[in-house]
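The opening position of the sequence shown corresponds to residue 1 in the working numbering, with each subsequent residue numbered one higher.
Below you'll find the structure, written out as structure tokens, and then a few comments.
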Amino acid sequence: MDRFVFRVLGILAGLACLAGPLVSLAAVIFFAPGYVEDRAAEYTQTYLTLFDTGAALSFQEFLRRLQFDAQRVAIETLARVYNALPAAFRLAAAAALLSILVHALFRHRQHLGKRGTAAKGAKYPSGRSGQRGRPFFFPSAGIQAIAELGLFALFLALTLCWLPPWPGARLVTAAVAVFALNFPLPSLARRWAPSLPARIAIGAAVWLGALAGLAHLLAPVGLFRFAAACFFPGSRRMAAVAVFLGRASACLVSFPVLAAALYRLPPVPLSPRASRVIDASHLYDIEIDRPANHLIVTHENGGAFVLSLTDLEERTFYVLSTPELEDIEIDPAHREIYHANRDTGEVLVLDADTFHLRRKAKIAGPRFSGTTKIALDSSSNSLLISWEDNCLFRMDRTSMAWTLLGSPGNVNLLADPSHRVVYLNSAQGRWMAALDVKNGRELRRAPASPWGERLALSERRGELYAADARGGWVWVYSTPDLRLLRKLPSQLGVRAIAVDDEHG
């Protein structure tokens, strides 16, 4: 009975060791979803605060928001390392291949040494005890391990000489540790029989490291051997299989992860087509002011960059009294800029040249909150305003009178005056729709990206463009029938786009 109990406990310990990161992550997510959201926002620089303190969430809503955070982190991670992945995989493959070759070379030398020492011992039986079985290439396994580490460190040093300067000492140390813990160290362990307290200490260290995922990345051999000892105690065959699986994991997982992190440290090179990059985060909208030859880029905290369309040099920077400047609309003919304040419900009309306030009006409609989007339809002389929590309004530009058109959800807006429609892009609903701008009646609908963002219109081409942040594409539709024409390759994480028909 006691043996059965210990066997069950051993199996549970092995499972807990292998699934340690999942157990820890599940516990943190379940007990502190707000902490997970804060860490995800800190990493992605996208502060959505989905998990509000004290908010009652259903289990389905909890899973949906958790999936949303996971997608944001995955997109950000891929966007950071995407350009460096080919070079990173080459470095990882070289490191794994060198690790295998160096270790195989020393193992082969040891095998020859054992054969030679055994033959010499048979011919000279009076040899000293302890000399038989030692390799002739290295007098001890410790010196072998030092030599292996030295060669591997030399390889890394030579490789890093080809890279630009970067603060990657920790990653180099981690790579050397991966090699040491998974190649020389298991060979030394065969010659060293630790005491019971030492075994307990090593097992506890591996298990605690597994909870944080460190053992999975740095010491997969120790992790698999610990699990094999729990599942199959005393089995040498399974211990050998565990060593093989651990070394395979080091070559296929650990080295690629460290190499990708290493190549992420230098600045990511610009796309060959990129001519200017604004070194700022939390940028939202982008609009073209053709009469002034300006490009306007909005910042989350009420700021707006004004750049020259000719050389893309910054001309000035304005700060508005609004909590979030996510979306604006410009009327080049009347030299006006329109924006909806997300908190007060006020629609602001600004001077396009000075950003001074000309007039404002408040929408005293249903309770609304969240991000605002705005579109200008010159054919009906009206503005279309949407709130994140499902409200869509139309406002007359002259009288500033408003009308509630419906509740399409959190959508991105773009007016098409030539066809007297407004296009709605719903990422949550995965659809693109064309609405009659006067009465809000839906005219047609088409499938859209599940990660759809801003829209842009080319009147000359008769095409509608929708940014796809997750897929790294721009979806191209015909107007006004919303027939999907093609998908253009873009940048991962792209949100705002603009079309300049005049310059092609």
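Glycine is no exception: its CB is placed at the ideal position from the N, C-alpha and C atoms.
Values in this document were obtained by computation on a predicted structure and should not be read as measured data.
Delimiting residues of the beta strand (DSSP E) encompassing residue i
{"i": "residue 346", "result": "346-351"}
{"i": "residue 456", "result": "452-458"}
{"i": "residue 364", "result": "Taken as a continuous stretch (DSSP letters only), residue 364 belongs to no beta strand (DSSP E), as it is neither H nor E."}
{"i": "residue 438", "result": "First-last for residue 438: undefined, no H or E at that position."}
{"i": "residue 308", "result": "303-308"}
{"i": "residue 384", "result": "382-387"}
{"i": "residue 425", "result": "421-426"}
{"i": "residue 253", "result": "Unbroken run through residue 253: none, as it is neither H nor E."}
{"i": "residue 372", "result": "372-377"}
Closest Cα partner of residue i within the set the options
{"i": "residue 244", "options": "371, 258, 228", "result": "228"}
{"i": "residue 30", "options": "382, 429, 8, 65", "result": "65"}
{"i": "residue 318", "options": "328, 329, 306", "result": "306"}
{"i": "residue 587", "options": "28, 481, 87, 353", "result": "Because the chain here runs from 1 to 504, residue 587 falls outside it and cannot be looked at."}
{"i": "residue 413", "options": "361, 285, 490", "result": "285"}
{"i": "residue 86", "options": "294, 263, 97", "result": "263"}
{"i": "residue 380", "options": "254, 421, 10", "result": "421"}
{"i": "residue 417", "options": "376, 404, 406, 403", "result": "376"}
{"i": "residue 342", "options": "59, 382, 328, 74", "result": "328"}
{"i": "residue 409", "options": "23, 427, 415", "result": "427"}
{"i": "residue 313", "options": "293, 61, 372", "result": "293"}
{"i": "residue 429", "options": "411, 247, 385, 444", "result": "411"}
{"i": "residue 369", "options": "460, 423, 340, 289", "result": "340"}
{"i": "residue 289", "options": "259, 336, 387", "result": "336"}
{"i": "residue 309", "options": "501, 350, 374, 478", "result": "501"}
Three-state secondary structure assigned by DSSP to residue i
{"i": "residue 224", "result": "helix"}
{"i": "residue 290", "result": "coil"}
{"i": "residue 322", "result": "coil"}
{"i": "residue 488", "result": "strand"}
{"i": "residue 412", "result": "strand"}
{"i": "residue 69", "result": "helix"}
{"i": "residue 89", "result": "helix"}
{"i": "residue 182", "result": "helix"}
{"i": "residue 64", "result": "helix"}
{"i": "residue 444", "result": "strand"}
{"i": "residue 282", "result": "coil"}
{"i": "residue 16", "result": "helix"}
{"i": "residue 74", "result": "helix"}
{"i": "residue 405", "result": "strand"}
{"i": "residue 398", "result": "coil"}
{"i": "residue 335", "result": "coil"}
{"i": "residue 83", "result": "helix"}
{"i": "residue 355", "result": "coil"}
{"i": "residue 497", "result": "coil"}
{"i": "residue 433", "result": "strand"}
{"i": "residue 29", "result": "helix"}
{"i": "residue 11", "result": "helix"}
{"i": "residue 295", "result": "strand"}
{"i": "residue 24", "result": "helix"}
{"i": "residue 478", "result": "strand"}
{"i": "residue 232", "result": "coil"}
{"i": "residue 392", "result": "strand"}
{"i": "residue 328", "result": "coil"}
Extent of the continuous alpha helix (DSSP H) to which residue i belongs
{"i": "residue 35", "result": "33-44"}
{"i": "residue 510", "result": "No answer is possible for residue 510: the residues shown for the chain start at 1 and end at 504."}
{"i": "residue 467", "result": "Here residue 467 belongs to no alpha helix (DSSP H); instead the beta strand (DSSP E) covers 463-468."}
{"i": "residue 218", "result": "214-218"}
Counted within 10 angstroms of its Cβ, other Cβ atoms place residue i as buried (16 or more) or exposed
{"i": "residue 184", "result": "buried"}
{"i": "residue 218", "result": "buried"}
{"i": "residue 448", "result": "buried"}
{"i": "residue 234", "result": "exposed"}
{"i": "residue 268", "result": "At residue 268, the pLDDT of 49 sits below 50, so the modelled position is not reliable; the number obtained from the coordinates is stated separately. Burial call: exposed."}
{"i": "residue 315", "result": "exposed"}
{"i": "residue 250", "result": "buried"}
{"i": "residue 419", "result": "buried"}
{"i": "residue 344", "result": "exposed"}
{"i": "residue 9", "result": "exposed"}
{"i": "residue 359", "result": "exposed"}
{"i": "residue 512", "result": "There is simply no residue 512 to check, as the chain begins at 1 and stops at 504 in what is shown."}
{"i": "residue 444", "result": "exposed"}
Below-8 Å beta-carbon distance, residue i vs any chain B residue
{"i": "residue 222", "result": "The displayed structure is made up of one protein chain only, and chain B is not part of it."}
Quick check: the segment 21-37 against the segment 217-233, are at least 3 beta-carbon pairs closer than 8 Å? no
Should the segment 93-103 be called in touch with the segment 65-73, which here means at least 3 C-beta pairs below 8 Å? no
Would you say the segment 293-305 touches the segment 314-325, given that touching needs at least three Cβ pairs under 8 Å? yes
Cβ contact (3+ pairs, closer than 8 Å) linking the segment 437-456 and the segment 383-403: yes
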